[in-house]
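Asks: Numbering (my numbering), first residue to last: 16 to 411.
I am attaching a structure below and will ask some questions about it afterwards.
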Amino acid sequence: MTYDAVIIGAGAAGLMCALTAGYAGRRVLVIDHANKAGKKILMSGGGRCNFTNLATTPANFFSGNPAFCISALKRYRPEHFVELVERHGVDHVEKAPGQLFCAGSAKAILDVLLTECHWAGVEIRLKTSVEGIERVGEGLRLTTSLGRIDSGAVVIATGGLSIPTMGASGFGYDIARRFGLAVTPTRPALVPFTLPPEWKARTAELAGVACEAAVQVVSSGKCLGHYQEPILFTHRGLSGPAMLQISSVWQPGDSLSIDLLPGIDAFAALASARRETPRRRISTWLGEHLPKRLAQALVEWHGGDERLAECSNEALAAWSEQLGDWRLKPAGTEGWRTAEVTLGGVDTRAISSKSFAVNDVPPLRFIGEVLDVTGELGGHNFQWAWASGVACGQTL
Ligand code: FDA
């Protein structure tokens, strides 16, 4: 079997790369070891796939080589993908500013990609494993469960390590190392936090409660990152967009500082309430600013539900600290089992940002999440998959 390009990984980046190369007249084969293409697309965005973010810029990505993503993101922009899905009649909604989700099922996005692959003449082989890759002449030879395959180019689009039950593997990193590329340390990101036993016991009763909060990572007294979005209490700890986002900058041992009343000076607001409504209880005031269950829990943790008139300035300062700078040291995260993405990956310094070819091994290419390019929450990771897939596919 001989192809112009073999793409390993029938996920977001691999399918986008395949259809682009197929339309350019290349003979393309996509291989995946899973029994279905695009499993992560199907489960993404709570089943609705947050397929892009209209405001994506390189600043939305973490990477040891921050300039690497600029070229591909500039060439294939969110509006290009929106045009593609609209051409296929996929209805979408903007759930939060810039974040586009399917109005119906995420399957619509996978259907677009598979239809386009079909039209572009791409061959897809599932339940196929790759045992080896070696250089032969100008191209590469794959040893697979289908037999030997020679190809002018091999594109590694095998994604990251998150959710192993969905087909995630370290295959891409192994291949990179075998061809002499560095792999920056990987860790789970966009992942909920677990709490130490004393906090878990307190917060478990709040499972399901959500509120807006500003969350920072504090390490050696320094703020390492800051997000203001909703947080969600869970049976295991803390989740919600702000917590998922901050997990990308958090390292074991770091503390979180949570402001439960972002934009409000809690001390000034409490002092003013004391002046104007001195007979009101703290719980009533809290209940006007926070979900009732959280307000009640805070009063219990704090050990008293005084009337505002009974609160000294010191007491208001203590409340202000609890509300505006709640310090918490997570026990850890839920790890690869639930992480949406992998931080770190194949070091991009040895790869062309135009074609995604390995500088020293031109027939070998890497695209998508397997690279050390990781987006923030909100559709940026799919935009990276589309943009890197197209940039690579156009040059195959
Ligand atoms: P992807 O993981 O999609 O595909 C890799 C493919 O390679 C898989 O099909 C896998 O089976 C295959 N593969 C792996 N190892 C192999 C091997 N050894 N041999 C053969 N095949 C192999 N992002 C976003 O922008 N918006 C969102 O709404 C969400 N939501 C979301 C929810 C959840 C639960 C998760 C886990 C992730 C998200 N993401 C997301 C992240 C997004 O899914 C992710 O960044 C992209 O799918 C990455 O695309 P890739 O094509 O690089 O890898």
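C-beta atoms are modelled at their ideal positions from N, C-alpha and C, and glycine is treated no differently.
Do residue 44 and residue 138 count as a contact pair if the criterion is CB distance below 8 Å?
Replies: Against a cut-off of 8 Å, the Cβ pair of residue 44 and residue 138 comes out as a contact.
Asks: With a threshold of 16 other CB atoms inside 10 Å of the CB of residue 84, please say whether the residue is buried or exposed.
Replies: Answer is buried; the Cβ neighbour count reaches 16.
Asks: With residue 266 as the anchor, note down where its alpha helix (DSSP H) starts and where it stops.
Replies: Bounds of any alpha helix (DSSP H) do not take in residue 266, whose DSSP letter is neither H nor E.
Asks: Is the CB-CB distance between residue 405 and residue 172 below 8 Å?
Replies: no
Asks: Looking at residue 52 and residue 125, is the spacing between their C-beta atoms short of 8 Å?
Replies: Yes; because the gap between Cβ atoms is below 8 Å, this pair is in contact.
Asks: Kindly give me the distance between the Cβ atoms of residue 56 and residue 27, rounded to whole angstroms, as I take these residues to be in contact under 8 Å.
Replies: Contact holds; Cβ gap of about 6 Å.
Asks: With a Cβ-Cβ cutoff of 8 Å, do residue 389 and residue 78 count as a contact?
Replies: yes
Asks: Leaving out the 5 sequence neighbours to the left and right, which residues in its chain are closer than 6 Å to residue 247 when beta-carbon positions are compared?
Replies: 225, 254, 255
Asks: Please state if the CB of residue 259 and the CB of residue 392 are separated by a distance shorter than 8 Å.
Replies: yes
Asks: I need the DSSP call for residue 146, collapsed to helix, strand or coil.
Replies: Reduced to three states, the DSSP call for residue 146 is strand.
Asks: By how many angstroms is the C-alpha of residue 181 removed from the C-alpha of residue 54?
Replies: 6 Å
Asks: How about residue 25: is its Cβ closer than 7 Å to a heavy atom in ligand 1?
Replies: Under cutoff, so the answer is yes.
Asks: Using only alpha-carbon positions, find the residue among 91, 202, 123, 161 that is nearest to residue 360.
Replies: 202
Asks: Pop quiz: residue 66 and residue 100 are said to be a contact at Cβ under 8 Å. What is the actual Cβ separation, rounded to whole angstroms?
Replies: 7 Å
Asks: Comparing alpha-carbon positions, which option in 252, 235, 366, 25 lies nearest residue 132?
Replies: The residue with the shortest Cα to Cα distance from residue 132 is 25.
Asks: Does ligand 1 have even one heavy atom less than 7 Å from the beta-carbon of residue 263?
Replies: no
Asks: Below 8 Å on the Cβ atoms is my contact criterion, and I expect residue 308 with residue 80 to pass it. Report the Cβ-Cβ distance as a whole number of Å.
Replies: A Cβ-Cβ separation of about 45 Å leaves residue 308 out of contact with residue 80 under the 8 Å criterion.
Asks: By alpha-carbon positions, which one of 184, 167, 168 ends up nearest to residue 175?
Replies: Answer by Cα proximity: 184.
Asks: In terms of alpha-carbon separation, which member of 30, 209, 315 lies closest to residue 348?
Replies: 209
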